[in-house]
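A.B. asks:
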Amino acid sequence: MESRLHIVVPLDLVHRVDEAVLLRRKKTGRAVSRNATINELLADALAAEEHRLNAAKASHSKTGV
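Read in my numbering, the sequence shown has 212 at position 63, and its numbers run on one by one without any break.
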């Protein structure tokens, strides 16, 4: 028997993915994978969070707190 995972996603996130897909399609002029777009958005979010954590760590080191 096949099992499936169901994930509840906020509607605003769905709209952001749709907008990103349309933007990428417009830029490239060809079909764009929804999954690839989601992966790209997740990678961008992860990089931003990593940058934020590194900045906080650097600030913490300078202040000695």
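We put the beta carbon where it would ideally sit given N, CA and C, even for glycine.
Note down, one range per segment and in chain order, each alpha helix (DSSP H) of at least 4 residues found wholly within the region 160 to 212.
C.D. replies: Taking only runs of at least 4 residues, the alpha helix (DSSP H) segments lying wholly in the region 160 to 212 are 160 to 177, 183 to 212.
A.B. asks: Give a yes or no on contact between the region 155 to 162 and the region 170 to 177, applying the rule of three or more CB pairs nearer than 8 Å.
C.D. replies: In short, these stretches do not touch, since the Cβ pair count stays below three.
A.B. asks: Find out if the Cβ-Cβ distance for the pair R183, V166 is shorter than 8 Å.
C.D. replies: Looking up residue 183 in the sequence shown gives position 34. Looking up residue 166 in the sequence shown gives position 17. Their beta carbons are under 8 Å apart, which means R183 touches V166 by this criterion.
A.B. asks: Report buried or exposed for T186, applying the criterion of at least 16 other Cβ atoms within 10 angstroms of its Cβ.
C.D. replies: On the sequence shown, residue 186 is found 37 positions in, with the first residue counted as 1. T186 comes out buried.
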